[in-house]
Amino acid sequence: MKNTNKIRLRALLLAAGYGTRLRPLTLSTPKCLVKIGHTPLLQRWLLNLEALGCESCLVNTHYLSEQVNSFIQDWPQSSMSLKTVHETTLLGTAGTMLANRDFFENSTGLLIHADNITSANLGNLIKAHSKKPKECLLTMLTFKTSSPRNCGIVVTDSNGVMQEFHEKVPNPPGNCANGAIYLFDKPFLDWLAKLPTGVEDFSMEIIPQLKGRIQTWHTTAPYLDIGTSESLQEAQKLFSQSLGDN
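Each residue of the sequence shown is one higher than the one before, counting from 370 in my numbering.
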């Protein structure tokens with residue numbers, strides 16, 4: 370799954386959350402280090418990014434940050450540089466992006482939630498991003514969900530460009546869900562810099578403003594948000610082996 374697009378790829382892995390819905394497991398283990406099979410979620414993403422040819426990865430930390438820092442300090446050296454940024458107060462998904470937008474200078478950015486898991490081939494996501502319509506500022510991974518009320522549901526036009534977005538509504542108009550994996554370049558960062566201060570949530574405050582400006586890339590590979598004990602059990606069944614590539 371090497372990156373053959375010759376782009377400078379940099380990734381932000383969101384790994385700072387409390388994982389309250391997974392307690393008591395997360396009382397002593399940060400959610401990003403919860404193991405699927407024998408492999409922590411964070412490890413899966415780092416291996417995935419290395420395979421993509423990512424040049425640098427930034428991991429935000431907050432809850433049980435000493436464990437995350439220790440894990441990263443022990444990570445074997447590779448061509449991908451790896452560092453953490455600590456948030457004394459959680460900034461939110463959009464707030465973290467805003468605070469670290471300089472990290473993505475002169476590169477294509479990739480934003481990932483470390484508590485998600487998929488076997489989708491992100492190399493194909495990168496290829497799709499390189500061909501996105503000029504009016505689009507983001508490329509968003511989407512997947513088919515069995516629980517649309519618990520997801521952000523995306524409605525696209527015939528070209529796969531997002532026209533509607535419904536975040537966790539009682540009667541969602543479909544089951545095509547936002548996978549919260551995004552690719553972007555300088556035009557998006559420039560747009561982001563013009564937002565008012567205090568923006569925190571990517572799904573609630575960023576995505577709704579970009580109708581008609583987000584290209585989607587749909588995967589049929591398994592995709593899960595490891596947010597509950599039920600989804601964790603499902604992930605153990607689907608991803609108990611080593612990293613997949615579908």
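Here a beta-carbon is modelled for each residue, glycine too, at the ideal position from N, C-alpha and C.
For Ser527, no beta strand (DSSP E) run applies, since DSSP gives it neither H nor E. Listed in chain order, the non-local C-beta contacts of Ser572 below 6 Å within the same chain comprise Gly521, Glu536, local neighbours out to five positions each way being set aside. Around the C-beta of Ala385, 16 or more other C-beta atoms lie within 10 Å, and the residue is accordingly described as buried. For His431 and Asn438, the gap between their C-alpha atoms comes out near 10 Å. With respect to Val530, Ile583 sits close: the two C-beta atoms are nearer than 8 Å. The alpha-carbon of Leu418 is positioned some 8 Å away from that of Ala380.
Distance from the Cα of Ser448 is smallest, within the candidate group Leu415, His455, Pro502, Ile576, for Leu415. Comparing alpha-carbon positions, the option among His587, Leu507, Ala489, Lys555 lying closest to Ser527 turns out to be His587. Nearest neighbour of Thr597 by Cα position, chosen from Cys426, Lys501, Thr389, Leu382, turns out to be Thr389.
One alpha carbon belongs to Asn540, the other to Phe534, and they sit about 13 Å apart.
Non-local C-beta neighbours of Phe472 in its own chain, meaning closer than 6 Å and more than five positions away in sequence, comprise Leu427, ordered along the chain. Distance from the CA atom of Ala546 to the CA atom of Ser600, rounded to whole angstroms, is 16 Å.
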